[in-house]
Structures are given as C-alpha cells and as structure tokens.
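Student: Dropping a structure here in structure tokens format, bear with me for questions.
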Amino acid sequence: MPFRHPVTVQFDDADPRGILFYGRIHILAHRAFEAFVAAEVVDRWEDWFLADAFIVPIRQATATFHRPMRPGQRYVAEVSVSRIGESSFEVGTRFLEEADEGKVCAETRVTHVFADPARFRSMAIPAGIRSRLEAHLARQ
C-alpha cells in the first residue's frame, strides 16, 4: 500500500496561467518523499538526511503530467517504491486530486543511489533500510 501525504499547491508554485510550474512537481514529490522516509523508513529524519555512514544522491528524476494542478487545490501524494537494486532504488509518486474522484494529475519517478560519503562511490543499501523499503515495494 502506498504512503499517502497531503499536498496543497501554493500560489507561488504556479505559472502566470495559474497552473503548477513544471519544475515545482519535483519539490512537491521530494516533500512527500521526506515524509515517507521519516514515517516509514528510519526512526528520525536525521538518520537518513544527516547520516554519517551514507548519502543518497539522485541519479535520475522524471515527471509526467496528466491534468493541471492549481493553487489552493488539495491533492494526495501516493509514494511507493517501484524497484530495489543492490545500491539503488526507485520511488514513484502519484499526485491525485482530492476532490475529483482521485484522478491522477502527475507522476514522478526518482532513482536514489546509496553512496559512501567519503569516496562518493555506490554502496549496498543498508540491510535495515532495505527491509523497510521492501515493505513498500509496489506490486507490479
């Protein structure tokens, strides 16, 4: 089951026509991802984002838009893990309209890679984190 996080598009997220500016979708997706990590993957936010043992940079990020997202409107971000490899994993986030029968407005896919912070080389996903990510692996 995906992790659900509420999202409201703010006034400053929009272009002059009142539609979410395309670059902002990754900011909204990352906020939902941070909430997912803090609630489901580690005990404390700092255990992921300020960890000494690893860093988790992004290798690839894509977005697909299906319907306009507008300021003041409420959405639900559904975060799920779509793939887990040896050192990397992919997160998919779907943005659903809260009011209009949950129609999909946008989707993002982000590939994260675990790396050694001293050498900046990939490393295996730590076992405890891997098991928590696996619990959120989407059924294909």
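For the sequence shown, my numbering assigns the number 909 to the initial residue and increments by one for each residue that follows.
Built from N, CA and C at the ideal position, the CB exists for glycine as well.
(1) So what does DSSP say about S995, is it helix, strand or coil?
(2) Could you compute how far the alpha carbon of H1020 sits from the alpha carbon of H938?
(3) What three-state label does DSSP hand L1004 in the structure shown?
(4) With distances taken Cα to Cα, identify the nearest neighbour of P976 among S995, V1012, R967 and F944.
(5) Taking the alpha-carbon positions, what's the G926 to E1005 distance?
(6) Report yes or no: do three or more beta-carbon pairs, one from the stretch 928–935 and one from the stretch 947–954, lie closer than 8 Å?
(7) If we ignore side chains and look at the alpha-carbon of each, how far apart do V987 and T970 end up?
Tutor: In terms of the structure at hand:
(1) Your numbering for residue 995 matches position 87 in the sequence shown. Coil, per DSSP.
(2) For the purposes of this step, residue 1020 is identified with residue 112 of the sequence shown, where counting begins at 1. For the purposes of this step, residue 938 is identified with residue 30 of the sequence shown, where counting begins at 1. Distance between the alpha carbons of H1020 and H938 is about 12 Å.
(3) In the sequence shown, residue 1004 corresponds to position 96, counting from 1. Three-state result, L1004: strand.
(4) Residue mapping note: residue 976 aligns to position 68 of the sequence shown, counting from 1. Minimum Cα distance to P976 is reached at V1012.
(5) As a first step, residue 926 is located in the sequence shown; it is residue number 18 there, counting from the start. As a first step, residue 1005 is located in the sequence shown; it is residue number 97 there, counting from the start. Rounded to whole angstroms, G926 to E1005 spans 16 Å at the Cα level.
(6) In the pairwise beta carbon analysis, the stretch 928–935 is classified as not touching the stretch 947–954: fewer than three pairs are separated by under 8 Å.
(7) On the sequence shown, residue 987 is found 79 positions in, with the first residue counted as 1. On the sequence shown, residue 970 is found 62 positions in, with the first residue counted as 1. Looking at the two C-alpha atoms, the distance is approximately 14 Å.
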